[in-house]
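These protein sequence lines map, in sequence, to chains Y and U. The opening position of the first sequence corresponds to residue 1 in the numbering used here, with each subsequent residue numbered one higher. The opening position of the second sequence corresponds to residue 1001 in the numbering used here, with each subsequent residue numbered one higher.
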Amino acid sequence: AAEGTGRKWEQKQVQIKTLEGEFSVTMWASDDKK
Amino acid sequence: QDATLAGFDWGSYLEKSGYLAAPVTCFRHAPLCAQWDDICVGLKVEVLNSYTTLHAKVYWIASIVLLAGYKALLRFEGFEDDDSRDFWCNLGTADVHPIGWCAVNSKLLVPPQEIHQKIEDLKSYLMERLVGADTLPVDFHVKMADSMRFAFRQGIRVEVVDRSQVRRTRLAVVDTVIGGRLRLLYEDEGLGASGEVLSDFWCHMQSPLVHYVGWSERVGHSIKRTGPNVNMDTHPAFRKPLQDSVPHQFKRLRTVYMGETFFEKGMKLEAVDPLNLGNICVASVRKVLLDGYIMVGIDGVEIGDGSDWFCYHASSYAILPVGYCQDNNIPLTVPTGYVQATFTWPKYLEETGTVAAPGRLFNTDDIGHGFTSGMKLEAVDLMEPRLVCVATVRRCVGRLLLLHFDGWEPEFDQWVDCQSPEIYPVGWCEITGYQLQAPIGPE
């Protein structure tokens, strides 16, 4: 979707913090093309 | 009716009208337009969770179920197919963040109580739901803040159309900027003896009605000179000295080459009536200015002194070649003494001894704008441009949109350009803090 807009989708490691602890997951998000 | 104070509920309103709203990507001037292609149904976000007994402010994960302008219908993870707890959020204003924001900001993700009891292993549950899913762009709120910075501030002087005599401009001073919309005070009657505002005008900073200081003289447009006794510099409302606006602060219009075959005085065309924006009328070029601007008069209603001529740029949506209305099944408003049913252009041109402006001079390209009839939006009533109202796209013809103001009679409908800076996505008023006028009466 971000093609041509100067943005691209990238896989991101994001942290999740709950009462039971912290862990990371891999998700997709767009960002400015670098 | 002030919908901001009354809390106009776009969500319930859209539910009744079929959830159709123009997407943010249709509005090039709107905040986050360039990023909005990345916002879609199914996207996961972290959002404030109020279904908890904890005292701390906690969040939980939700998915976008539906999008309507800046508004999103969200459903908390764990409610599965149960839509009874769905809630509307404005993605531009609410406490909504990309996944990962809570951890970075030392906030906890806690499910609503009734879901919490059903989940045995929270980590496994979230891993299953989140891995490989999409979330908001990392820079979402940064881009939003960036797009809300404007090249105008209080105290900048501009030239703007004189609403009491549309053929000329007047000097005005920016008093307020909200979401790129300017509240302008006419310089020669801006403030009374006790500081009260006598006459103001609202328009977006990209409006074709507002120009840099010196524009009128440059293109040959008439301007009302400010009297010698006016000095707004000293008024306490303006904390800094007044500053003249300059060309680069304004939208650059499509370049027009004014060769031998440009518009000429007397040529006929069809034009949106500037004083009745729901009508497209038989009109004439009255004067050719520089830089691609022309003065247009509406045939049959002109007073004769030119005071009702209106300035249009050659690239304006509001001037159209003869026959455009007939070709597109739009009722053409014909001059007094003629009947719409029997009016024909060839006969009229012959009777008036005039010629039609060449069709290639007009900017009628269909630009694939994305609007369709029935879409809801927030739109300025251009006859009372202070007001941003709940509206519906009634018709799309090329680049023209016929807007209906919800709750009002069709006679108040207005033709606007699909790229008009005076139309906004659902939720724009909430983001900018501008007052939204709710529909009048029961819909």
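For each residue, glycine too, the CB sits at the ideal point set by N, CA and C.
For this session: With DSSP collapsed to three states, give me the class of Phe1140(U).
Result: Counting from one through the second sequence, the residue named residue 1140(U) turns up at place 140. Looking at Phe1140(U) - three-state DSSP - the assignment turns out to be helix.
Exercise. For Thr1169(U), is the classification buried or exposed, using 16 other Cβ atoms within 10 angstroms of its Cβ as the cut-off for buried?
Worked result: Position 169 of the second sequence, counted from the start, is the residue given in the question as residue 1169(U). Classification for Thr1169(U): buried.
Problem set entry | Span of the alpha helix (DSSP H), counted from its first residue to its last, around Gln1444(U) | This structure does not reach residue 1444(U), given that chain U is present from 1001 up to 1443, and the question cannot be answered.
Exercise. In angstroms, rounded to a whole number, what distance separates the CA positions of Glu1350(U) and Thr1344(U)?
Worked result: As a working note, residue 1350(U) is residue 350 in the second sequence. As a working note, residue 1344(U) is residue 344 in the second sequence. Between the alpha carbons of Glu1350(U) and Thr1344(U) lies a distance of about 10 Å.
Problem set entry | Those residues which DSSP pairs with Arg1149(U) across a bridge | Locating residue 1149(U) in the second sequence gives position 149, where the first residue counts as 1. According to DSSP, residue pairing for Arg1149(U) in a beta bridge does not occur.
Problem set entry | Tyr1348(U) - DSSP class collapsed to helix/strand/coil | Translated into positions along the second sequence, residue 1348(U) becomes position 348. Taken through DSSP and simplified to helix, strand or coil, Tyr1348(U) comes out as helix.
For this session: Check whether the Cβ atoms of Gly1278(U) and Gln1437(U) lie closer than 8 Å to each other.
Result: Against the second sequence, residue 1278(U) aligns to sequence position 278. Against the second sequence, residue 1437(U) aligns to sequence position 437. No.
Problem set entry | Best match in Gln1243(U), Pro1031(U), Asp1417(U), Phe1008(U) for proximity to Ala1172(U) [C-alpha to C-alpha] | The sequence position of residue 1172(U) within the second sequence is 172, counting from 1. With distances taken between Cα atoms, Ala1172(U) lies closest to Gln1243(U).
Problem set entry | When Arg1129(U), Ser1084(U), Val1104(U) are compared against Trp28(Y), the one with the closest alpha-carbon | Translated into the one-based positions of the first sequence, residue 28(Y) becomes position 28. Looking at the Cα atoms, Arg1129(U) is the closest of the given residues.
Problem set entry | Spatial neighbours of Arg7(Y) in its chain, beta-carbon cut-off 7 Å, leaving aside the 5 residues before and after | In the first sequence, residue 7(Y) corresponds to position 7, counting from 1. Ser30, Asp31, Asp32, Lys33, listed in sequence order.
For this session: Could you name the residues of chain Y that Lys1123(U) contacts, counting a contact when the two beta carbons are closer than 9 Å?
Result: As a working mapping, residue 1123(U) is identified with position 123 in the second sequence. Within 9 Å Cβ-Cβ: Ile16, Thr18, Glu20, Gly21, Phe23.
Exercise. Contact check, Cys975(U) vs His1221(U) under 8 Å by CB: the rounded distance?
Worked result: Absent from the structure is residue 975(U), since the part of chain U shown begins at 1001 and ends at 1443.
Exercise. Of all Cβ atoms in chain U, is any one closer than 8 Å to the Cβ of Asp32(Y)?
Worked result: Within the first sequence, residue 32(Y) is the residue found at index 32, counting from 1. For Asp32(Y), the answer is yes, since a Cβ of chain U falls inside 8 Å of its Cβ.
Exercise. Around the C-beta of Thr1432(U), are 16 or more other C-beta atoms found within 10 angstroms, so that it is buried, or is it exposed?
Worked result: Residue numbering aside, residue 1432(U) sits at position 432 when the second sequence is read from its first letter. Counting Cβ neighbours within 10 Å, Thr1432(U) comes out buried, since at least 16 surround it.
Exercise. If contact means a Cβ-Cβ distance below 8 Å, which residues of the stretch 1029–1045 of chain U contact chain Y?
Worked result: When CB distances to chain Y are screened at a threshold of 8 Å, the residues of the stretch 1029–1045 of chain U falling below it are Ala1034, Gln1035, Asp1037, Asp1038, Cys1040, Lys1044, in chain order.
Exercise. Starting from Trp1408(U) and walking both ways along the beta strand (DSSP E), at which residues does that stretch end?
Worked result: Here residue 1408(U) refers to the residue found at position 408 when the second sequence is read from its first residue. It is not in any beta strand (DSSP E) - Trp1408(U) carries neither H nor E in the DSSP assignment.
Exercise. In terms of residues, what are the limits of the beta strand (DSSP E) holding Cys1389(U)?
Worked result: Here residue 1389(U) is taken as the residue at index 389 of the second sequence, counted from 1. Residues 1388–1397.
Exercise. If contact means a Cβ-Cβ distance below 8 Å, which residues of the stretch 1098–1125 of chain U contact chain Y?
Worked result: Of all residues in the stretch 1098–1125 of chain U, Pro1098, Ile1099, Gly1100, Cys1102, Ala1103, Val1104, Ser1106, Lys1107, Leu1108, Leu1109, Val1110, Leu1122, Lys1123 have a Cβ within less than 8 Å of some Cβ in chain Y.
Exercise. Does the Cβ-Cβ distance between Leu1456(U) and Glu1430(U) come in under 8 Å?
Worked result: Because chain U spans 1001 through 1443 in this model, residue 1456(U) falls outside it and cannot be assessed.
For this session: Helix, strand or coil for Gln1035(U), going by three-state DSSP, please let me know.
Result: For the purposes of this step, residue 1035(U) is taken as the residue at position 35 of the second sequence. Secondary structure at Gln1035(U): helix, using DSSP grouped into helix, strand and coil.
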